[in-house]
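Numbering (this note's numbering), first residue to last: 46 to 383. Take a look at the structure below.
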Ligand code: AMP
Ligand code: MG
């Protein structure tokens, strides 16, 4: 199958709509990462997403809709705070998990009784969703376990030949996936950290928990248990204070003829002078925005990525650390471990 990359225009969106309504897959830009979409009401179409990505069959998909779409048609909105959160953060990088009305097919929710819903802010995503008028279920448009894509080229690198169309809407500036929030209980609970932080949610909803992901949890987010976001080369992770050991690993690898590269925040660069560096940026938002692109650049340029954890904690750093810890193994004396 030939894979086209087209800028988002009236014509390309009309083609994308035709493909989606015909049961095919379309990759599209959002403000977090690129999504791989299918008609959420068509079980056979949704199965193609799992096949194209090699995605585990127990990991449900997020339904994406246009701001004008009445989400009450898809889910039961039972808690008032969810309406306030919708008002405050949608459209945007927040996904809320409700009980489903069953309009979105069982293949997309892996047979479960809940549905995750998101309203993207990206103009290209909205143009597609407005035209399609259906819930478009979509995971990130990468091969399962690989780094999430933030450009059309990243999607092409992973899925060329497997999907007919990638809509190109430029680089996703959010850079990490949406916050996934369970809103079925009296207090909202973060299932996956992201750009909408616990502090931001608590300010609107009054309170916000963070899921411990225990085996008995009622609403589970199967995605959290898998290794994900992994570059194709060895990737070592060091804590922010551990720069001397990180530099020593770099120098040893270089002496052995390998091509190492350091990934670190701007403030840590001086400690790796004279070495190849990919700069993640200064603020938590900048680091989130650059992280996946940096990991993809690292695997292209090097055969060993040495990632230095940023020093900041809380807020958007929770989302950054969650991604980095799954992408890269902690380097301990004598080898890798988690
Ligand atoms: P991605 O794999 O990048 O598409 O991210 C989707 C995330 O949302 C994964 O972590 C899923 O496990 C989670 N998710 C999707 N639907 C649900 C749901 N109904 N309940 C809980 N988590 C969900
Ligand atoms: Mg993903």
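Yeah, the Cβ is synthetic: ideal placement off N, Cα and C, and Gly gets one too.
Quiz prompt | Distance CB(residue 220)-CB(residue 336) smaller than 8 angstroms | solution = The residue given as residue 220 occupies position 175 in the chain shown. The residue given as residue 336 occupies position 291 in the chain shown. It is a contact, given that the beta carbons lie within the stated cut-off.
Quiz item: Which residues mark the beginning and the end of the beta strand (DSSP E) in which residue 358 is found?
Solution: Stepping through the chain shown from its first residue, residue 358 is reached at position 313. Premise fails: residue 358 is in no beta strand (DSSP E) and is neither H nor E.
Quiz item: What are the uninterrupted segments assigned as beta strand (DSSP E) that are 3 or more residues long and contained completely in the region 233 to 307, given in chain order?
Solution: Counting only runs of 3 or more, we get 234 to 237, 279 to 283.
Self-check item: Proximity below 8 angstroms, CB of residue 116 to CB of residue 106
Solution: Start at 1 with the first residue of the chain shown, and residue 116 comes out as number 71. Start at 1 with the first residue of the chain shown, and residue 106 comes out as number 61. It is not a contact, given that the beta carbons lie outside the stated cut-off.
Self-check item: Beta-bridge partners of residue 319, as assigned by DSSP
Solution: By 1-based counting over the chain shown, the position of residue 319 is 274. Residue 319 is not bridged to any residue.
Exercise. Spell out the partners DSSP gives residue 161 in its beta bridges.
Key: Stepping through the chain shown from its first residue, residue 161 is reached at position 116. Answer is 107, 142, bridged to residue 161.
Exercise. Specify whether the region 110 to 126 and the region 172 to 183 touch according to this definition: at least 3 beta carbon pairs, one from each stretch, less than 8 angstroms apart.
Key: yes
Quiz item: Does any heavy atom of the ligand AMP sit closer than 7 angstroms to the C-beta of residue 208?
Solution: Along the chain shown, read from residue 1 onward, the residue named residue 208 stands at position 163. It does not: the Cβ of residue 208 is nowhere closer than 7 angstroms to a heavy atom of the ligand AMP.
Quiz item: DSSP beta-bridge partners for residue 73?
Solution: In the chain shown, the residue the question calls residue 73 occupies position 28. In the DSSP assignment, residue 73 forms a beta bridge with 80.
Quiz item: Between the region 151 to 160 and the region 235 to 255, do three or more beta carbon pairs fall short of 8 angstroms?
Solution: no
Quiz item: With which residues is residue 352 paired in a DSSP beta bridge?
Solution: Residue 352 sits at position 307 when you count from the first residue of the chain shown. Answer is 282, 308.
Quiz item: Nearest chain C C-beta to residue 112 closer than 8 angstroms, yes or no?
Solution: Protein chain content of the structure displayed is limited to a single chain, and chain C is not contained in it.
Practice problem: Could you have a look at residue 222 and say whether DSSP puts it in helix, strand or coil? | Solution: Walking along the chain shown from the start, residue 222 turns up at place 177. Note: residue 222 maps to coil in three-state DSSP.
Quiz prompt | Endpoints, alpha helix (DSSP H) assigned at residue 66 | solution = As a working mapping, residue 66 is identified with position 21 in the chain shown. Residues 55 to 66.
Quiz item: Smallest Cα separation from residue 346: which of 68, 313, 279?
Solution: What you label residue 346 is simply residue 301 of the chain shown in a count that begins at 1. Of the listed residues, the one whose Cα sits closest to residue 346 is 279.
Quiz item: Taking Cβ positions, are residue 51 and residue 213 nearer each other than 8 angstroms?
Solution: For the purposes of this step, residue 51 is identified with residue 6 of the chain shown, where counting begins at 1. For the purposes of this step, residue 213 is identified with residue 168 of the chain shown, where counting begins at 1. Going by C-beta atoms, residue 51 is nearer than 8 angstroms to residue 213.
Quiz item: Is residue 329 closer than 8 angstroms to residue 312 when the C-beta atoms are compared?
Solution: Within the chain shown, residue 312 is the residue found at index 267, counting from 1. Within the chain shown, residue 329 is the residue found at index 284, counting from 1. No, Cβ-Cβ distance for residue 312 and residue 329 is not below 8 angstroms.
Quiz item: In terms of alpha-carbon separation, which member of 259, 184, 323 lies closest to residue 71?
Solution: In the chain shown, the residue the question calls residue 71 occupies position 26. Answer by Cα proximity: 184.
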